[in-house]
Amino acid sequence: MADSIAPIVAAEEKLQQQADKMETDKMWIIMGPQHPFSHGLWTLKIKVDGEICVDAEPIVGYLHRGWEKETENRTYPKIIPMADRLCYAASMTYTHLYCMTVEKALGMDIPEKAKYIRIVADEVCRINSHLMWLAAVGTDLGNLTVFLWAMREREYFLDLNVKLCGARMTTNYPRIGGVRNDTTELFDRDILRTVDRFEKALWEIIALMDDSSIIVSRMKGISYITREQAANVGLTGPAMRGCGVDFDIRRDDPYDNYDKVDFEVPVLTEGDSYARYMIRTEEMFQSCEIIRQAVKKIQALGKNAPYRVKAPSRVPAGTHFMRMEDPRGESLMYLVSDGTDKPYRLKVRSPIFTNVSSAKLQCQGVRIADVPAVLAQIDMCLGETDR
Amino acid sequence: MDTSAVYQKPTEEEVKTLLTERFPEVEVTGTEARRVFAKLPREKVREVCQYIHDNLSFEHCSTVIGVDYVDHLTVVYHLSNYWNGLMIELSADIPNDDPHVDSVTCIWEGVNWHERETWELFGIVFDGHPKLERLLTPQTYEFFPFRKSYKLRGQE
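Right, dumping it as structure tokens:
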């Protein structure tokens, strides 16, 4: 019996040795700029060894508008609607950041009510952005129901935007010195109802994702990044917290009134693609919690509390910067003013610009089919990447 | 203070003392809550950054920013500590006729694209950068569009 098996084993070993020796040519595959996986206009070059991705290089810049240079030609208030256009999904946070930076340069303090309204608007924007991402992940992983359900939930929050400021996406709402208008009638009732409803609906979407073994197996255990790597390559936001970096600017470097609301920062140490997905869903629940607390504070301040103070048009000379927790990570604005009514230089640090530059680290060792699933976790938006 | 020890959560005052004790060339221009502002000569950029990364636990470099002040250029670094939310702003002046500064990509890998961007828009050359090529603007550009000498429509 043993005699008959031995030759087969030997033959198999020989075949295995041959296969080990066999070298395949490595090949560059260019995905984009028009490609189903790229949400927007960008190219990803991946180098593959058979089925496995060994190198990746993103090519961006198709949408470079010279945003930072354009601002040098405009007065300070005129830049607010431009800041909306940095990213349509995170328009509220970018406008907020811009207004904060100019307020810092002016050395002015804004009314309490405006701070809480900004928090509410920011968190609505964060849920909007995360739902947009969830829809995109759903399509990238082949589950179109997730796309439809996430987009349906997003509509309720866009309706809240309409109720607050009249626009769905490019909101043009924060102002230097406060916000444009007070909360409208019954806004607090509507937002609390929406949030309560949304928490139930989100569990359904999560079940749709997590009960599907195809989706989970394409994220779990794929694209491991350690804590040190994540910090060193400049990953920020949910992607970084999924790798074990316990840092959230809202909690650790608070701006406006984020130090007066109580919330948890979800952190996972797994470091794989699935952990980065879990962080974002958990963040949406935390955003709901923040909204509830902030709405209570707005109600306590009363109807006639001031929501805006007048800001001077000229900014004293100097350099100032502010940073904030954007839905996608850390965004930072650096303002150089020369005492006139136009900025001398305004720099935007976009979180995705840095996150996508680490595509090589994220894609190494991943199968070609999983590359879209891995890069979906950075929530690509070209408006702010290319500026 | 012991300038060779490793500090995980240095305070603003500690950072100020350590930097000025270890590098007499570094001038700390101010501190606020969770912020330290410093100026340094460009030759010292890599050395100071290495020290801040290794001994003060600043694991993250947010941005590299170029500014054109017409008579000179300035490059600004924003470094961030993940343990206590402290930030250091380093700025180094660079003369117009010799726009060179050491790259810090070897310390923080995430700086790679920020340095490329600053090079293509301002013409500041980062010595030792692994791939200093145009990123956002077309490869055929032969000028640096964010310099003040490049006028926008409506300016003069």
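If you're matching them up, the sequences are chains D and Y in order.
Here the numbering used here is used: the first residue of the first sequence is 7, the next is one more, and so on.
Here the numbering used here is used: the first residue of the second sequence is 4, the next is one more, and so on.
Cβ coordinates follow ideal geometry from the N, Cα and C atoms, glycine included.
All of these numbers come straight from a predicted model, not from anything done at the bench.
- If you ignore the 5 residues before and after Y/K19, its C-beta comes within less than 7 Å of the C-beta of V31, T34 and V39, all in its own chain and listed in chain order.
- Excluding sequence positions up to five before and after D/R373, its CB lies within less than 6 Å of the CB of E57, all in the same chain and listed in chain order.
- Excluding residues up to 5 positions away in sequence, H103, V104, D105 and S106 lie with their Cβ nearer than 8 Å to the Cβ of Y/D130 in the same chain.
- Taking 8 Å as the cut-off, the Cβ atoms of D/L388 and D/L69 count as close.
- Three or more Cβ pairs drawn from the region 176-190 of chain D and the region 97-111 of chain D lie within less than 8 Å of each other, which places the two stretches in contact.
- In the same chain as D/E29, and ignoring 5 residues on each side of it, no C-beta atom comes closer than 6 Å to its own.
- Y/H117 is a Cβ neighbour of Y/T66, given a cutoff of 8 Å.
- With a beta-carbon spacing of about 16 Å, D/M330 and D/H136 fall beyond the 8 Å limit used to define contacts.
- Listed as beta-bridge partners of Y/M90 by DSSP are Y/R38 and Y/S83.
- In this structure, the straight-line span from the alpha carbon of D/S364 to that of D/G240 is close to 8 Å.
- Bounds of the alpha helix (DSSP H) holding D/L170 are L150 to C171.
- In this structure, the straight-line span from the alpha carbon of D/D217 to that of D/G148 is close to 14 Å.
- With fewer than 16 neighbouring CB atoms inside 10 Å of its own CB, D/A375 falls in the exposed class.
- Residue environment analysis places D/T107 among the buried positions, since at least 16 neighbouring C-beta atoms fall within 10 angstroms of its C-beta.
- When Cβ-Cβ separations below 8 Å define contact, Y/L43 makes no contact with chain D.
- Taking the beta carbon of Y/E112 as reference, the chain D residues within 9 Å of it are Q235, N238, V239, G240, S363, S364 and L367, listed in sequence order.
- Secondary structure note for D/T287: it is in no beta strand (DSSP E), and the uninterrupted alpha helix (DSSP H) holding it is S279 to L307.
- Using a 10 angstroms sphere on the CB of D/Q368, the tally of other CB atoms reaches 16 or more, which defines it as buried.
- For D/G248, not one C-beta of chain Y is nearer than 8 Å to its own C-beta.
- Neighbours of D/K75 in chain Y, taken as residues whose beta carbon is under 9 Å from its own, are L124, P148, F149, Y153 and L155 in chain order.
- When D/V321, D/F163 and D/I384 are compared, the shortest CA-CA separation from D/A111 is found for D/V321.
- Taking a C-beta distance under 8 Å as the contact criterion, D/W139 and D/L214 do not qualify as a contact pair.
- Residue environment for Y/V73: exposed (fewer than 16 other C-beta atoms within 10 angstroms of its C-beta).
- Between the region 40-55 of chain Y and the region 281-301 of chain D, the count of Cβ pairs shorter than 8 Å is below three; the stretches do not touch.
- Membership of Y/S65 in the beta strand (DSSP E) is indicated by the continuous run H63 to D71.
- For D/A62, the enclosing beta strand (DSSP E) starts and ends at I58 to I65.
- For D/G243, the CB contacts under 6 Å within the same chain, skipping 5 residues up- and downstream, are R334, G335 and P357 in chain order.
- Close CB contacts of D/Y261 within its chain, under the 7 Å cut and outside five residues either way in sequence, are with M106, M328 and M330 (chain order).
- Nearest to Y/I55 by C-alpha distance, out of Y/F149, Y/R119 and Y/E17, is Y/E17.
- For D/G144, the enclosing alpha helix (DSSP H) starts and ends at E118 to D146.
- Chain Y places a beta carbon closer than 8 Å to that of D/F359, counting this residue as a contact.
- Taking 9 Å as the cut-off between beta carbons, the residues of the region 318-333 of chain D near chain Y are T325, F327 and R329, in sequence order.
- Of D/A237, D/K51 and D/E78, the smallest CA-CA separation from D/D347 is found for D/E78.
- Taking a C-beta distance under 8 Å as the contact criterion, D/S343 and D/A317 do not qualify as a contact pair.
- Nearest to Y/Y85 by C-alpha distance, out of D/E234, D/L352, D/P378 and D/F291, is D/E234.
- Residue pairing by DSSP places D/E331 opposite D/E336 in a beta bridge.
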